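Enquirer: Everything in the sequence shown is counted per the working numbering, starting at 47 for the first residue and increasing by one.
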Amino acid sequence: MIKQAPYLLLFLFAVQVNAQHARLYANVSGYLQSDFETRSFFEVGSGIEVKVHRFFKPEIGVSYFFGSLEDFTKVDGQGNVQSLRTSNANALNFNLTPKISLFSREVNSGDGFIQILPRFNISKIEANRYYTVVNQSNPANSVTTKEKVVEWQKSFGIGVGVDIVLSDKNYDSVSLNVYYNGVNLGKAVTDVNHSSAKLDTNTLGFGVSYYLGFEKKKN
47 MIKQAPYLLL
57 FLFAVQVNAQ
67 HARLYANVSG
77 YLQSDFETRS
87 FFEVGSGIEV
97 KVHRFFKPEI
107 GVSYFFGSLE
117 DFTKVDGQGN
127 VQSLRTSNAN
137 ALNFNLTPKI
147 SLFSREVNSG
157 DGFIQILPRF
167 NISKIEANRY
177 YTVVNQSNPA
187 NSVTTKEKVV
197 EWQKSFGIGV
207 GVDIVLSDKN
217 YDSVSLNVYY
227 NGVNLGKAVT
237 DVNHSSAKLD
247 TNTLGFGVSY
257 YLGFEKKKN
């Protein structure tokens with residue numbers, strides 16, 4: 047994190063200088079992964095976009111990934127539950143996106159443009175495992191143990207989508223994007239479950255972002 051500090055400070059300086067060209071945003075995304083409940087995991091986040099040029103609008107943001115894996119239950123020959131394993135994963139993610147905008151007019155409500163979203167991530171990933179050995183004679187006395195694995199990770203992901211202008215009075219917009227996720231929760235999950243089968247969350251997802259912009263100048 048220390049090595050990235052000068053780049054963060056440089057970006058924050060650019061934000062201050064170009065405050066009149068800045069927009070806040072919030073986003074939510076879902077990613078496909080069959081080992082998770084509902085066969086997916088999710089991300090919510092927010093940040094700021096700075097318009098350096100109409101074709102170049104870098105973003106800096108923070109987001110949170112989360113998801114619970116399918117439960118694993120061990121039963122005996124009579125169908126009695128002997129043990130139960132549940133696990134989940136989450137990540138606090140800091141990202142820098144040097145966003146490229148194509149065919150951007152940004153004049154009238156309904157105008158849209160294509161955007162390319164390369165994203166550099168620094169993530170603190172946490173995986174938790176709860177393992178319960180069931181007491182067959184007295185289930186209330188079953189014993190549950192917890193394990194946790196925490197790791198830091200650098201990664202790269204990319205997205206592509208369309209941003210649609212919502213108003214003639216300000217620069218509010220909504221973007222619909224497809225992502226290839228770079229944040230891999232799988233290594234921590236694999237380690238905490240002591241599993242030989244590797245889990246990978248570098249997968250495709252879909253996201254929606256809302257940008258809150260400043261008022262347009264009147265002609």
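Ideal placement from N, C-alpha and C gives every residue a C-beta, glycine not left out.
Values in this document were obtained by computation on a predicted structure and should not be read as measured data.
Name the two residues that bound the continuous alpha helix (DSSP H) containing residue 236.
Expert: Translated into positions along the sequence shown, residue 236 becomes position 190. First-last of the alpha helix (DSSP H) with residue 236: 232-238.
Enquirer: Name the one or two DSSP bridge partners that residue 131 has.
Expert: Position 85 of the sequence shown, counted from the first residue, corresponds to residue 131. BP columns for residue 131 point to 118 and 177.
Enquirer: With a floor of 3 residues, list each beta strand (DSSP E) that falls wholly inside the region 193-249, ordered by position along the chain.
Expert: Complete beta strand (DSSP E) runs here, min 3: 219-226.
Enquirer: Are at least three pairs of beta-carbons, each pair with one atom in the region 198-211 and one in the region 181-188, less than 8 Å apart?
Expert: Contact fails: fewer than three Cβ-Cβ distances are below 8 Å.
Enquirer: Excluding sequence positions up to five away, which residues of its chain have a Cβ less than 7 Å from the Cβ of residue 67?
Expert: Counting from 1 along the sequence shown, the entry for residue 67 is found at position 21. These residues qualify, in order along the chain: 96 and 97.
Enquirer: In angstroms, rounded to a whole number, what distance separates the CA positions of residue 244 and residue 80?
Expert: The sequence position of residue 244 within the sequence shown is 198, counting from 1. The sequence position of residue 80 within the sequence shown is 34, counting from 1. Whole-angstrom Cα-Cα distance: 13 Å.
Enquirer: For residue 185, write down the residues that DSSP places opposite it in a beta bridge.
Expert: Locating residue 185 in the sequence shown gives position 139, counting from the first residue. Answer is none; residue 185 lacks a bridge partner.
Enquirer: Quick one: what does DSSP say residue 85 is sitting in, helix, strand or coil?
Expert: Within the sequence shown, numbered from 1, the residue matching residue 85 stands at position 39. Helix at residue 85.
Enquirer: Under 8 Å: do the region 125-141 and the region 170-181 share three or more Cβ pairs, one atom per stretch?
Expert: At 8 Å Cβ cutoff, the stretches touch.
Enquirer: Measuring only from the beta carbon, is residue 92 closer than 6 Å to any heavy atom that is part of the ligand FMN?
Expert: Although the ligand FMN was asked about, the structure shown includes no ligands whatsoever.
Enquirer: Taking the CB atoms as reference points, tell me whether residue 162 and residue 206 lie closer together than 7 Å.
Expert: The sequence position of residue 162 within the sequence shown is 116, counting from 1. The sequence position of residue 206 within the sequence shown is 160, counting from 1. Result yes, Cβ atoms of residue 162 and residue 206 sit closer than 7 Å.
Enquirer: If you follow the beta strand (DSSP E) that residue 75 is in, where does it begin and where does it stop?
Expert: As a first step, residue 75 is located in the sequence shown; it is residue number 29 there, counting from the start. Element bounds for residue 75: 68-78.
Enquirer: For residue 155, count neighbouring Cβ atoms within 10 angstroms of its own Cβ and tell me buried if that reaches 16, exposed if not.
Expert: Residue mapping note: residue 155 aligns to position 109 of the sequence shown, counting from 1. When all chains shown are included, residue 155 counts as exposed.
Enquirer: Under three-state DSSP, which class holds residue 97?
Expert: Taking the sequence shown and counting its residues from 1, one reaches residue 97 at position 51. Residue 97 falls in the coil class under three-state DSSP.
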